[in-house]
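Trainee: Numbered according to this note's numbering, the sequence shown spans residues 1229 to 1295.
First the structure, which I've put down as structure tokens, then a few questions once you've had a look.
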Amino acid sequence: MLEDVRRFVARLAPEPACDDRIADRLGLPTSEQASHETRALAGSEGFERRKAACSLCGHERLVIRKA
Ligand SMILES: [Zn+2]
């Protein structure tokens, strides 16, 4: 699961994605699941979590991206 999220966000880099869309695209049961994984990724290997416009839904919210 974490590996799927890592690959997905790395593929989008440097564009950010929100937990909702990550859950949606990866078929995760809930956005809480995606949120759990993105929190685990943040701070490592250039992954950062911050408030910004999501590149997938366009909403300003908490997103993750790989720099
Ligand atoms: Zn989004």
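We put the CB at the ideal spot given by N, CA and C, even for glycine.
A quick note: this is a predicted structure, and the numbers were derived from the prediction, not measured.
(1) Would you call residue 1266 buried or exposed, if buried means 16 or more other Cβ atoms sit within 10 Å of its Cβ?
(2) In the DSSP assignment, what residue or residues form a beta bridge with residue 1260?
(3) At a cut-off of 6 Å, is residue 1267 close to ligand 1 when judged by its beta-carbon and the heavy atoms of the ligand?
(4) Which residues in the same chain as residue 1259 place their Cβ atom closer than 7 Å to its Cβ, once the five residues preceding and following it in sequence are excluded?
(5) Kindly indicate which three-state DSSP category residue 1226 falls into: helix, strand or coil?
(6) Decide if residue 1263 is buried, meaning its Cβ has at least 16 other Cβ atoms within 10 Å, or exposed.
(7) Measuring alpha carbon to alpha carbon, tell me which residue in 1292, 1288, 1261 is nearest residue 1270.
Mentor: In terms of the structure at hand:
(1) buried
(2) DSSP, once it has assigned bridges, lists no residue as partnering residue 1260.
(3) no
(4) 1247, 1248, 1251
(5) Outside the shown range of the chain (1229 to 1295) lies residue 1226, about which nothing can therefore be said.
(6) buried
(7) 1292
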